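Working notes for the structure below.
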Amino acid sequence: MTPDSTAVPGKFISFEGIDGAGKSTHIGFVADFLKAHGKTVVSSREPGGTAVGEKLRDMLLHDKMHLETEALLMFASRREHMAQVIEPALARGEWVISDRFTDASFAYQGGGRGLSRAKMEALEQWVHPHLQPVLTFLFDVPLDVARARLDATRTLDKFEQEQQDFFAACRNEYLRRAAQFPERIVVIDSTRSIEQTRAALSAVLQKLL
Ligand SMILES: Nc1ncnc2c1ncn2[C@@H]1O[C@H](COP(=O)(O)OP(=O)(O)O)[C@@H](O)[C@H]1O
Ligand SMILES: Cc1cn([C@H]2C[C@H](O)[C@@H](COP(=O)(O)OP(=O)(O)O)O2)c(=O)[nH]c1=O
1 MTPDSTAVPG KFISFEGIDG AGKSTHIGFV ADFLKAHGKT VVSSREPGGT AVGEKLRDML
61 LHDKMHLETE ALLMFASRRE HMAQVIEPAL ARGEWVISDR FTDASFAYQG GGRGLSRAKM
121 EALEQWVHPH LQPVLTFLFD VPLDVARARL DATRTLDKFE QEQQDFFAAC RNEYLRRAAQ
181 FPERIVVIDS TRSIEQTRAA LSAVLQKLL
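Position one of the sequence shown corresponds to residue 1 (UniProt numbering), numbered consecutively onward.
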């Protein structure tokens, strides 16, 4: 059974945003910040985070597949991640910071690809009816900023090769969820400098310690 996130001693934080928003840049900083405050930190990612999950990640990021297959595999990776990594760490009183969680499925498979919200909610209810991050950082930038950052850095995977209307729909869904869950999702203006962004992250984390 999935534990209630309010009933476990550890804390679960997720990082979200469209590709190129600057999310991954700050995960190491957050881990170091928490460790400096005496926390034991488990840093992980989705899809992936386990041996099975990393195999699924490889397929998900490179192979073309039906939209519903993609959504189901994202949640399959998540189920394994929860069982092997997230739940045991939280039970030990550790802090789990994950590069993406279910908000990404709502944004990409729901918003971007158009899978119905009812199906997304059914998957969420099945896989984690109670567990939610206590805090989600949503790194937000306009599409042209994200695209310029991506183009400057890396070989693009299946998702990153999508067109701007896909990312516009992902971003809209992220922002819709931020409005729906304002107590959990903190929108970070990631157009600012890396130093300014870190200051904003520290201020939010300080309240959670
Ligand atoms: N605040 C920022 N200002 C300028 N460049 C940034 C900023 N944050 C991240 N970047 C750069 O943008 C690129 C994409 O960042 P990354 O963290 O990999 O994005 P994401 O994980 O959201 O896809 C990297 O080259 C990173 O150095
Ligand atoms: C977790 C998750 C990720 N994704 C996508 C978003 C990203 O484009 C991709 C991998 O995420 P990410 O690790 O952020 O990519 P990168 O390592 O290139 O920064 O998977 C979904 O479509 N649905 C999901 O549920």
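Where a beta carbon is used, it is the ideal one built from N, C-alpha and C, also for glycine. All figures in this text were calculated on a predicted structure; none of them were measured in a lab.
What is the rounded straight-line gap between the Cα of Leu34 and the Cα of Ala203?
-> 12 Å
Taking 6 Å as the cut-off, does the CB of Ser24 come closer than this to any heavy atom belonging to ligand 1?
-> Within the cutoff, so yes.
Sequence ranges, beta strand (DSSP E) only - wholly within the segment 52-84, length at least 3 = none
Among residues of its own chain, excluding the 5 on either side of Phe29, which ones have a beta-carbon nearer than 6 Å to its beta-carbon?
-> Arg198
For Arg184, which three-state DSSP category applies?
-> coil
Measure the CB-CB distance between Ala118 and Tyr174 and report whether it falls below 7 Å.
-> no
Spatially closest choice to Trp126 from Gly112, Arg147, Thr102 and Ala148, by CA coordinates = Of the candidates Gly112, Arg147, Thr102 and Ala148, the residue whose Cα lies closest to the Cα of Trp126 is Thr102.
Thr136 and Arg176 closer than 7 Å at C-beta = no
What are the residues that DSSP puts in a beta bridge with Asp99?
-> Phe15 and Arg45
Residue(s) in a DSSP beta bridge with Leu138 | Glu16 and Val187
Rounded to a whole number of angstroms, what is the C-alpha to C-alpha distance between Val163 and Arg92?
-> Note that residue 163 corresponds to Gln in the displayed sequence, not to Val. The straight-line gap from Cα to Cα measures roughly 42 Å.
Classify Val145 as helix, strand or coil using the three-state DSSP reduction.
-> helix
With respect to 6 Å, is the separation between the Cβ of Gly17 and the closest non-hydrogen atom of ligand 1 below this value?
-> yes
Taking all protein chains shown into account, decide if Glu87 is buried (16 or more other Cβ within 10 angstroms of its Cβ) or exposed.
-> buried
Got a sec: does ligand 2 put a non-hydrogen atom nearer than 6 Å to the Cβ of Phe12?
-> no
Would you check whether ligand 1 has a heavy atom nearer than 6 Å to the C-beta of Ala107?
-> For Ala107, the shortest C-beta to heavy atom distance toward ligand 1 is 6 Å or greater.
Could you give the residue range of the alpha helix (DSSP H) that holds Gly193?
-> Note on residue identity: the sequence assigns Ser, not Gly, to residue 193. Per DSSP, Ser193 belongs to no alpha helix (DSSP H) and is neither H nor E.
Use the C-beta contact count for Gly22: other C-beta atoms within 10 angstroms, 16 or more gives buried, fewer gives exposed.
-> buried
Based on Cα-Cα distance, which residue from Trp95, Gly53, Ser105 and Ala76 lies nearest to residue 210?
-> Absent from the structure is residue 210, since the part of the chain shown begins at 1 and ends at 209.
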